[in-house]
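Visitor: I have a structure here, written as structure tokens, and I will follow up with some questions on it.
In my numbering, the protein residues as written are 18 to 448.
Below is the structure:
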């Protein structure tokens with residue numbers, strides 16, 4: 018009953034959107050091949066025969082999940098050997114990352130629209146032997162297809178945020194039915210396990226498997242990446258660097274005011290602002306100009322051959338560099354936390370051996386917050402004055418700052434290995 022009601026609504030919604038989609042393609046002059054993939058119409062030759070190899074379908078929403086999928090694929094290859102891989106992603110950035118980083122024989126597709134006939138067509142063409150979903154995007158038809166086609170489905174690195182649990186509870190009539198299709202749900206933390214149980218998961222299928230992204234962080238935090246960032250940004254190691262990463266609207270004003278206070282004491286300080294969405298750079302430029310701050314865009318650094326050292330303020334208008342950029346920070350603030358947006362992954366900075374400042378809104382990353390708080394490497398700030406006070410303490414106590422950073426890195430390392438454990442759990446389902 019739930020299946021039919023959901024798909025009637027989904028199909029009606031797709032057909033209602035049809036005229037808008039048709040008009041868009043009419044303006045473009047052609048039907049996007051990628052849109053055909055979303056309808057389950059896969060290009061000829063894209064899905065070769067798997068032969069005698071087992072085929073694993075991994076669903077990764079966007080860039081972060083694709084990077085995690087790479088870790089899982091490496092573990093699978095080290096333990097299982099030869100298999101055929103299909104990776105689906107929802108976003109264009111995720112698809113691009115997958116094409117650059119996945120094994121050359123991986124089949125990368127867009128996730129089909131969650132309408133039954135689209136999903137069914139994709140599954141029939143792909144013919145997977147096993148389905149792995151990363152994180153916790155609940156697409157009912159993807160999982161119903163696994164059930165109807167008798168394909169074992171697994172959730173790895175599952176999490177349910179505090180902000181989303183209310184919505185899921187109101188849809189329990191749907192989530193309970195969908196979650197029953199999983200053979201195993203490996204959740205990041207006890208809190209995540211409790212929340213997914215609250216929306217209908219079967220207790221005997223739920224385990225606390227830890228965060229597989231710890232494996233990813235340790236794997237990616239390499240000295241050569243840090244060296245590359247130092248060369249691009251032309252950072253003099255003698256100058257203190259204040260990095261504000263993944264900032265959102267309403268946070269840059271606070272960051273800039275805090276920097277203006279700090280630069281009175283530390284005139285050589287560099288401020289690097291990396292907004293979560295680069296399309297907002299124009300607004301941030303206006304803020305910098307209003308405070309009479311000289312700045313440059315990250316995109317101009319490569320062409321500025323006459324500049325030997327970084328300017329005092331750099332606005333990052335290029336995606337994909339923030340993780341490596343954190344390695345250069347003397348003091349670091351992670352955004353989406355001074356405004357009520359749930360925070361960002363503070364462990365991306367901490368894995369470089371850095372203490373981290375963050376605001377009061379960290380609902381989406383409670384486990385990461387608890388980890389840093391445990392070793393004293395996380396610093397909660399409420400406003401500009403807290404930022405200045407905490408940053409000043411870190412700058413005036415470099416040995417203690419380094420010690421806390423090392424403790425943070427060591428704590429993250431103590432959790433690695435969860436990916437391998439979860440892969441071992443699903444081996445018995447492979448042919």
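The beta carbon of each residue, even a glycine, is placed where N, CA and C say it ideally should be. This one's a predicted model, so the numbers in the text were calculated from it and none came from an experiment.
So, at 6 Å on beta carbons, what are the nonlocal neighbours of residue 68 in its own chain, with the 5 sequence-adjacent residues on each side left out?
Guide: If we look at residue 68 and ignore the five residues flanking it on each side, it has no Cβ neighbours.
Visitor: So the alpha helix (DSSP H) residue 195 belongs to, where does it begin and stop?
Guide: Unbroken alpha helix (DSSP H) run through residue 195: 189-196.
Visitor: Which two residues bound the contiguous alpha helix (DSSP H) that contains residue 72?
Guide: Taken as a continuous stretch (DSSP letters only), residue 72 belongs to no alpha helix (DSSP H), being part of the beta strand (DSSP E) at 72-76.
Visitor: Can you give the Cα-Cα distance for residue 119 and residue 86, rounded to whole angstroms?
Guide: For residue 119 and residue 86, the distance between alpha carbons rounds to 9 Å.
Visitor: Which whole runs of the alpha helix (DSSP H) in the segment 272-317 are 4 residues long or more, in chain order?
Guide: If we require 4 residues or more, the alpha helix (DSSP H) runs fully inside the segment 272-317 come out as 298-307.
Visitor: Helix, strand or coil, according to DSSP, for residue 18 in the structure here?
Guide: Looking at residue 18 - three-state DSSP - the assignment turns out to be coil, as it is neither helix nor strand.
Visitor: Work out the CA separation of residue 252 and residue 337 for me, nearest whole Å.
Guide: Looking at the two C-alpha atoms, the distance is approximately 18 Å.
Visitor: Can you check DSSP and say which residues form a bridge with residue 204?
Guide: Answer is 175, 225, bridged to residue 204.
Visitor: Taking 8 Å as the cut-off, does the segment 265-275 touch the segment 238-257 (at least 3 CB pairs, one atom from each stretch)?
Guide: At 8 Å Cβ cutoff, the stretches do not touch.
Visitor: What are the partner residues of residue 101, as DSSP defines its beta bridges?
Guide: Beta-bridge pairing links residue 101 to 72.
Visitor: Tell me the DSSP bridge mates of residue 373?
Guide: Residue 373 pairs with 395.
Visitor: In terms of residues, what are the limits of the beta strand (DSSP E) holding residue 261?
Guide: Residue 261 -> beta strand (DSSP E) spans 258-264.
Visitor: According to DSSP, is residue 87 helix, strand or coil?
Guide: Reduced to three states, the DSSP call for residue 87 is helix.
Visitor: Tell me the rounded alpha-carbon separation between residue 129 and residue 111.
Guide: Near 14 Å, if we compare the C-alpha coordinates of residue 111 and residue 129.
Visitor: Using the C-alpha atoms, what's the distance from residue 115 back to residue 121?
Guide: Those two C-alpha atoms are separated by around 10 Å.
Visitor: How many Å lie between residue 418 and residue 117 at the Cα?
Guide: Near 36 Å, if we compare the C-alpha coordinates of residue 117 and residue 418.
Visitor: Looking only at DSSP bridge pairs, what is residue 210 linked to?
Guide: Answer is none; residue 210 lacks a bridge partner.
Visitor: Which ranges does the beta strand (DSSP E) cover as unbroken runs of at least 3 residues, wholly within the segment 132-167, from first to last along the chain?
Guide: The segment 132-167 contains these whole beta strand (DSSP E) runs: 147-151.
Visitor: According to the neighbour-count rule (16 or more other Cβ atoms, all chains shown, within 10 Å of its Cβ), is residue 343 buried or exposed?
Guide: Residue 343 should be labelled buried.
Visitor: Per DSSP, residue 199 is paired with what?
Guide: BP columns for residue 199 point to 170.
Visitor: Does the count of Cβ pairs from the segment 188-195 and the segment 215-222 closer than 8 Å reach three?
Guide: These segments touch.
Visitor: Is it the case that the Cβ atoms of residue 74 and residue 103 are separated by a distance below 7 Å?
Guide: Yes, these two residues count as a Cβ contact at 7 Å.
Visitor: Are there three or more Cβ pairs, one per stretch, closer than 8 Å when the segment 380-393 is compared with the segment 359-370?
Guide: Yes: at least three Cβ pairs fall under 8 Å.
Visitor: To the nearest angstrom, report how far apart residue 289 and residue 140 are at their CA atoms.
Guide: In a straight line, the C-alpha of residue 289 is about 45 Å away from that of residue 140.
Visitor: At which residues does the alpha helix (DSSP H) containing residue 433 begin and terminate?
Guide: Element bounds for residue 433: n/a, residue is neither H nor E.
Visitor: Residue 169 and residue 444: beta carbons closer than 7 Å?
Guide: Cβ distance not < 7 Å, so residue 169 and residue 444 don't count as in contact.
Visitor: Is the segment 417-434 touching the segment 391-405 in the sense that three or more CB pairs, one from each, lie closer than 8 Å?
Guide: As far as the Cβ criterion goes, the segment 391-405 touches the segment 417-434, which means the pair count is three or higher.
Visitor: With DSSP run on the structure shown, which of helix, strand or coil describes residue 358?
Guide: Coil at residue 358, not helix or strand.
Visitor: Taking the CB atoms as reference points, tell me whether residue 229 and residue 436 lie closer together than 7 Å.
Guide: Contact flag set, yes.
Visitor: Within the same chain, show all residues whose beta-carbon is closer than 6 Å to that of residue 227, passing over the 5 residues directly before and after it, in chain order.
Guide: So the qualifying residues of the chain are 432, 435.
Visitor: Comparing C-alpha positions only, which one of 161, 213, 82, 207 sits nearest to residue 198?
Guide: When each option's Cα is compared against that of residue 198, the closest is 161.
Visitor: Could you give the C-beta distance for residue 366 and residue 341, rounded to a whole number, given that I count them as a contact under 8 Å?
Guide: Not really, about 11 Å apart at Cβ, beyond 8 Å.
Visitor: Locate the beta strand (DSSP E) running through residue 331, then write down its first and last residues.
Guide: Note, residue 331: beta strand (DSSP E), 330-332.
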